[in-house]
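Student: Dropping the structure in here first, questions after.
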Amino acid sequence: MTSTPPPTLGNPEIIASLPFFPLPALPNAPSKSLLALQGLDQALVDAELVSPSAVLPIPSGKDDCGTRLSERMRKRLRDLGITELFAVQTALLPFLLPTHEPSNTLYLPFNPCRDVCVSAPTGSGKTLAYVVPIIEALSSRIITRLRALIVLPTRDLVSQVRETMEALSKGTKLKIGTATGQHSFAHEQSQLVQDQISNKVDILICTPGRLIDHIVGTPNFSLQHLRFLVMDEADRLLAQSFQGWLVQVLEATRPRPKNLSEAGSSAKEDHDSIATSSYSSNVMSPDGIAPAFMHRLSGISFPSFFLEKKASSCQKLLFSATLTRDPAKITALELNNPKYFIIQGGGEKQTEDSTVLDVVMEKFSMPSTLKHMIVIESTQKPLAFFHLVHQLNVTNALVFTKSAESTSRLVRLFDFFEAERGRSFNVPPLVARAYSSDLLAQERKSILEQFKSQKIHILVCSDLISRGIDISHVSHVVSYDVPVDLRKYVHRVGRTARAGREGDAWTLVEEQEVRMLSGLPR
């Protein structure tokens, strides 16, 4: 009797009989209907998707060509060298700008406008998308009232947005103020409020902490007339507490009776008595139509619509590279029938379902003109950086480090290298400066102005500057130290390739960091 040898792995019959499993594949994006069933906000499911290539030249004739821009605004934009509208602007301007006289849109208690949420890649022109409609809507105002409030996470962003607002509002008589804590509280109060019946600003640009200080501590500071509430870098603002700033701001914009029980009981007792009810400070608080003097009048009869429930005329505009998917935060915003706009990334072609899913899952997108390259170097990062600067002509560059201490150390090393290079080759040295949270606000402003005027060739900074600062001539971003997460990387590289320009992003990676960075966009 012969025995059959046991099968071995070397036996071709055994190998041929082994099952073959398919390679892993990315599943198809869930449909909009499935996302809706899973509890996604229907407004986000129905978001309007905008192609990044949807640019529109600013018309030079009398016809606005569908932009709804006034002739004055079109001329002002051209004078500033802006000749075309980018995707986010072409989508929002027709939606936000009125089709009729702007004076009829400042007070809308019974038909408030829809709120707007915009998800767009960094550097896509979000600032202009809200600055222009605000100026257009308020330019016909007669009485100065605080009608537009723009909240930003940092002082530097406040200064930048104010510059844009002042440049575009030239000739409109609109008054613009800021509140960041850079000046004394008393000085800011004197710039915002004149007396009980007068405001000094139409538009206030501020940080959330200082805004709460004025709501609580500045007499006659009121948000009752507010027509626009803008939250730029909304994801970052919603992550900040500042004494529950959002709740207090929304409460301050909401017109309501001072004594609801009295107003409600009188309505139940006799409907006819409401029609001839006296408007007094015990029944109604001042609202957007006449808060300056109506509360002083007593014994005067008013028609019943004065006691009808009024909604806030304030339209909320949220802008961010990513939109929150936290239901609690969405609810806290108290959005009124929101309209979502999603500016698609410039990479691979996307379907509507996959684009909405990217927003839900907080997938980041880069400007389509941005070029990425990763330089792998384990121990020679300073030499690799000097090679980039002098061999690849990486100037007009932002260089990011992991801390203020690292920023100062790299600048000192660069200055030493440039001084030695200047002596050896008799060439003028390149100028590098540190920009970090260790500097005073005035020092940061001065350094930023020198960099914009190209008196400084390389700006070495921490992540303080990586959100929202718009420096048009930046052609290179160098991550000298690897960012700790993808979100920081996105906002770093978003400082270049802005508004359709070309740009390069370089990351100096040590060997042990390569695996961690495998998920970075290329």
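According to UniProt numbering, the sequence shown holds residues 1 to 522 in order. In this text, a Cβ means the ideal position worked out from N, Cα and C, and glycines have one as well. All values reported here derive from a predicted model rather than from experimental measurement.
Compare the Cα-Cα distances from residue 314 to each of 320, 337, 442 and report the closest residue.
Tutor: Stepping through the sequence shown from its first residue, residue 314 is reached at position 314. Closest option to residue 314, Cα to Cα, is 337.
Student: According to DSSP, what are the bridge partners of residue 245?
Tutor: Residue numbering aside, residue 245 sits at position 245 when the sequence shown is read from its first letter. DSSP, once it has assigned bridges, lists no residue as partnering residue 245.
Student: Would you check if there are 3 or more beta carbon pairs closer than 8 Å linking the segment 103 to 123 to the segment 395 to 407?
Tutor: Judged by Cβ distances under 8 Å, the segment 103 to 123 makes no contact with the segment 395 to 407, as fewer than three pairs qualify.
Student: Considering only heavy atoms of the ligand MG, does any lie closer than 6 Å to the CB of residue 94?
Tutor: Absent from the structure shown: the ligand MG. Ligands present: none.
Student: Would you give the residue range spanned by the beta strand (DSSP E) that residue 224 belongs to?
Tutor: Sequence index remark: in the sequence shown, residue 224 carries index 224 (1-based). Note, residue 224: premise wrong, no beta strand (DSSP E); not H, not E.
Student: What does residue 149 pair with, by DSSP beta-bridge criteria?
Tutor: As a position in the sequence shown, residue 149 is number 149, starting the count at 1. Paired residue(s): 204, 229.
Student: Which partner residues does residue 320 have in the DSSP bridge list?
Tutor: Stepping through the sequence shown from its first residue, residue 320 is reached at position 320. Bridge partners of residue 320: 119.
Student: What are the start and end residues of the beta strand (DSSP E) that includes residue 400?
Tutor: Position 400 of the sequence shown, counting from 1, holds the residue named residue 400. Residues 397 to 400.
Student: Is it true that the CB of residue 158 sits closer than 7 Å to the CB of residue 205?
Tutor: As a position in the sequence shown, residue 205 is number 205, starting the count at 1. As a position in the sequence shown, residue 158 is number 158, starting the count at 1. Result yes, Cβ atoms of residue 205 and residue 158 sit closer than 7 Å.
Student: Would you mind stating whether residue 214 and residue 145 have Cβ atoms separated by less than 7 Å?
Tutor: Here residue 214 refers to the residue found at position 214 of the sequence shown. Here residue 145 refers to the residue found at position 145 of the sequence shown. Their beta carbons are not under 7 Å apart, which means residue 214 does not touch residue 145 by this criterion.
Student: State the DSSP-derived secondary structure class of residue 130, mapped to helix, strand or coil.
Tutor: As a working mapping, residue 130 is identified with position 130 in the sequence shown. Of the three classes helix, strand and coil, the one that applies to residue 130 here is helix, per DSSP.
Student: Under 7 Å, do residue 203 and residue 252 count as touching if we go by C-beta distance?
Tutor: By one-based count along the sequence shown, residue 203 stands at place 203. By one-based count along the sequence shown, residue 252 stands at place 252. Cβ distance not < 7 Å, so residue 203 and residue 252 don't count as in contact.
Student: Can you tell me whether residue 270 is buried or exposed, with buried defined as 16 or more other CB within 10 angstroms of its CB?
Tutor: Start at 1 with the first residue of the sequence shown, and residue 270 comes out as number 270. Only weak support exists for where residue 270 lies, its pLDDT of 41 falling under 50; the value from the coordinates is given anyway. When all chains shown are included, residue 270 counts as exposed.
Student: Label residue 219 either buried or exposed according to how many other C-beta atoms from any shown protein chain fall within 10 Å of its C-beta, with 16 as the threshold for buried.
Tutor: Here residue 219 refers to the residue found at position 219 of the sequence shown. It counts as exposed.
Student: Can you give me the C-alpha to C-alpha distance between residue 436 and residue 456, rounded to a whole angstrom?
Tutor: Taking the first residue of the sequence shown as position 1, residue 436 is located at position 436. Taking the first residue of the sequence shown as position 1, residue 456 is located at position 456. Distance between the alpha carbons of residue 436 and residue 456: 15 Å.
Student: With a CB to CB cut of under 6 Å and the five nearest residues on each side skipped, what residues in its chain are close to residue 207?
Tutor: What you label residue 207 is simply residue 207 of the sequence shown in a count that begins at 1. Cβ within range, chain order: 180.
Student: Can you name, in chain order, every residue of its own chain whose Cβ lies under 8 Å from the Cβ of residue 58, other than the five neighbours on each side?
Tutor: Counted from its first residue, the sequence shown places residue 58 at position 58. Answer for residue 58: 67, 69, 74, 77, 78, 82, 83, 84, 85, listed in chain order.
Student: Compare the Cα-Cα distances from residue 171 to each of 112, 177, 72 and report the closest residue.
Tutor: For this step, residue 171 is matched to residue 171 along the sequence shown. Of the candidates 112, 177, 72, the one whose C-alpha sits nearest the C-alpha of residue 171 is 72.
Student: Taking residue 427 as part of the beta strand (DSSP E), name the residues at either end of that continuous run.
Tutor: Numbered from its first residue, the sequence shown carries residue 427 at position 427. Segment: none, residue 427 is in no beta strand (DSSP E) and carries neither H nor E.
Student: Under three-state DSSP, which class holds residue 458?
Tutor: Along the sequence shown, one-based indexing puts residue 458 at 458. Three-state DSSP puts residue 458 in a strand.
Student: Just verifying my parser: in three-state terms, what is the DSSP assignment at residue 408?
Tutor: By 1-based counting over the sequence shown, the position of residue 408 is 408. Looking at residue 408 - three-state DSSP - the assignment turns out to be helix.
Student: By alpha-carbon positions, which one of 173, 167, 489, 379 ends up nearest to residue 127?
Tutor: For this step, residue 127 is matched to residue 127 along the sequence shown. Selected option, being the one with the closest Cα: 167.
Student: Under the DSSP definition of a beta bridge, which residues are partnered with residue 343?
Tutor: As a first step, residue 343 must be located in the sequence shown, where it is residue number 343. 50, per the DSSP bridge assignment.
Student: Might you give, ordered along the chain, the residues of its own chain that have their beta carbon closer than 7 Å to the beta carbon of residue 513, omitting 5 neighbours on each side?
Tutor: Taking the sequence shown and counting its residues from 1, the one referred to as residue 513 is at position 513. For residue 513, where only same-chain residues beyond five positions count, the Cβ hits under 7 Å are 482.
Student: With DSSP as the reference, identify every bridge partner of residue 189, one or two as the case may be.
Tutor: Here residue 189 is taken as the residue at index 189 of the sequence shown, counted from 1. Its beta-bridge partners do not exist; DSSP assigns none.
Student: Per DSSP, what kind of secondary structure is residue 489 in: helix, strand or coil?
Tutor: Indexing the sequence shown from 1 puts residue 489 at position 489. Residue 489: helix per DSSP, three-state reduction.
Student: Would you identify the three-state DSSP class for residue 239, choosing helix, strand or coil?
Tutor: Within the sequence shown, residue 239 is the residue found at index 239, counting from 1. Three-state DSSP puts residue 239 in coil, outside helix and strand.
Student: Thinking C-alpha only, which one of 393, 485, 443 is nearest residue 430?
Tutor: The residue you call residue 430 lines up with position 430 of the sequence shown. Of the candidates 393, 485, 443, the one whose C-alpha sits nearest the C-alpha of residue 430 is 393.
Student: With burial defined as no fewer than 16 other Cβ atoms inside 10 Å of the residue's Cβ, what is the status of residue 416: buried or exposed?
Tutor: For the purposes of this step, residue 416 is identified with residue 416 of the sequence shown, where counting begins at 1. Under this definition residue 416 is an exposed residue.
Student: Quick one: residues in its chain with C-beta nearer than 7 Å to the C-beta of residue 80, no 5 flanking neighbours on either side, listed in chain order?
Tutor: Sequence index remark: in the sequence shown, residue 80 carries index 80 (1-based). The residues are 167.
Student: What's the gap between the Cα of residue 55 and the Cα of residue 92?
Tutor: Numbered from 1 along the sequence shown, position 55 holds the residue referred to as residue 55. Numbered from 1 along the sequence shown, position 92 holds the residue referred to as residue 92. Each residue's Cα considered, the two are about 12 Å apart.
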